[in-house]
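Everything on this sheet refers to the single structure shown next.
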Amino acid sequence: MNACNSSEFAKSKTTWYTVGMIAALLLCPLRGAAQDESPTPVQIVALDECDPTTFNAPTKADPKTNPNPGLGPDFCKNVTLGAFTTLQDLLAKAGAGNPDPNWDFEPDTLRIRKGTPIVVVDQGGEPHTFTEVKRFGGGFLPPLNAGEDTAPECAGGFSNLAVARTRILQGSQLQVSDLSKGEHYFQCCIHPWMRVKVEVHEHGK
Ligand SMILES: [Cu+2]
């Protein structure tokens with residue numbers, strides 16, 4: 046009787062042990078897969094308050110009908126709630142070295158683990174670029190540079206494929222992945238005071 050019970054107990058124990066092992070084998074790969082999942086991207090937003098009326102005026106000046114030429118139709122989408130900056134004010138402020146702070150990337154500094162993608166979303170009304178530069182500098186439109194030299198990475202504007210690739214249109218986004226460990230500098234090649242420093246550190250630290 047005792048032997049029988051002991052045998053039953055051992056059998057039961059073995060069964061549960063087996064079930065446990067199978068469960069562990071099933072669960073372990075899942076845990077492993079979960080750990081290997083790509084990290085959640087972090088977001089940067091591009092903001093501006095472009096005034097559709099002055100930005101979208103025809104590019105060709107006409108003293109009578111178009112004294113303040115703009116950048117052409119549909120350049121600026123109406124996204125702000127009346128807090129517009131006219132094209133003329135934007136140019137005047139930037140030219141004086143006092144650029145409009147409402148043209149901005151947020152946050153200004155980002156600390157991420159290596160492997161974390163960055164998604165830059167243009168929530169402003171006009172196009173921007175998110176271009177990596179070795180050192181912050183001017184953009185490709187000298188009137189907006191306040192005398193600062195154009196950063197070499199911005200040279201040529203959108204005729205430079207490398208710059209065009211970093212363009213972000215209104216309502217769209219750009220993903221930046223695989224940044225190496227260390228500090229990275231990004232700026233808008235149109236509005237060069239829009240700047241972000243990204244610090245990439247090793248996984249687990
Ligand atoms: Cu910009």
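Our numbering puts the first residue of the sequence shown at 46, with every later residue one more than the last. For every residue, glycine included, the Cβ atom is placed at its ideal position computed from N, Cα and C. Given the structure is predicted, the values throughout are model-derived calculations rather than measurements.
{"Item": "With H, G and I counted as helix, E and B as strand and the rest as coil, what does DSSP make of residue 108?", "Value": "coil"}
{"Item": "Got a sec: does ligand 1 put a non-hydrogen atom nearer than 7 Å to the Cβ of residue 233?", "Value": "yes"}
{"Item": "Could you pull the start and end residues of the beta strand (DSSP E) that residue 231 belongs to?", "Value": "227-232"}
{"Item": "Among all the DSSP beta bridges, which residues are the ones paired with residue 155?", "Value": "243"}
{"Item": "Is it buried or exposed for residue 241, if we count other Cβ within 10 angstroms and need 16 for buried?", "Value": "buried"}
{"Item": "For residue 117, collect the residues of the same chain with a Cβ closer than 6 Å to its Cβ; drop the 5 residues on either side in sequence, then sort them by chain order.", "Value": "104"}
{"Item": "Can you give me the Cβ contacts of residue 132 inside the same chain, cut-off strictly under 8 Å, excluding the 5 residues immediately before and after it?", "Value": "95, 96, 99, 100, 102, 113, 115, 116"}
{"Item": "In whole angstroms, what is the alpha-carbon distance linking residue 141 and residue 187?", "Value": "12 Å"}
{"Item": "Are the beta-carbon atoms belonging to residue 157 and residue 87 less than 8 Å from one another?", "Value": "yes"}
{"Item": "Using the Cβ count rule (16 or more neighbours within 10 Å means buried), how would you classify residue 92?", "Value": "buried"}
{"Item": "Three Cβ pairs or more, each shorter than 8 Å: is that satisfied between the region 168-181 and the region 192-200?", "Value": "yes"}
{"Item": "Could you tell me whether any non-hydrogen atom of ligand 1 is closer than 7 Å to the CB of residue 236?", "Value": "yes"}
{"Item": "Could you give the first and the last residue of the continuous alpha helix (DSSP H) run that contains residue 93?", "Value": "No alpha helix (DSSP H) holds residue 93; DSSP gives it neither H nor E."}
{"Item": "Determine contact between the region 199-215 and the region 143-157, defined as no fewer than three beta-carbon pairs at a distance below 8 Å.", "Value": "no"}
{"Item": "Let me know the secondary structure DSSP gives residue 183 once reduced to three states.", "Value": "strand"}
{"Item": "Closest to residue 146 by C-alpha separation, out of 236, 247, 173, would be which residue?", "Value": "236"}
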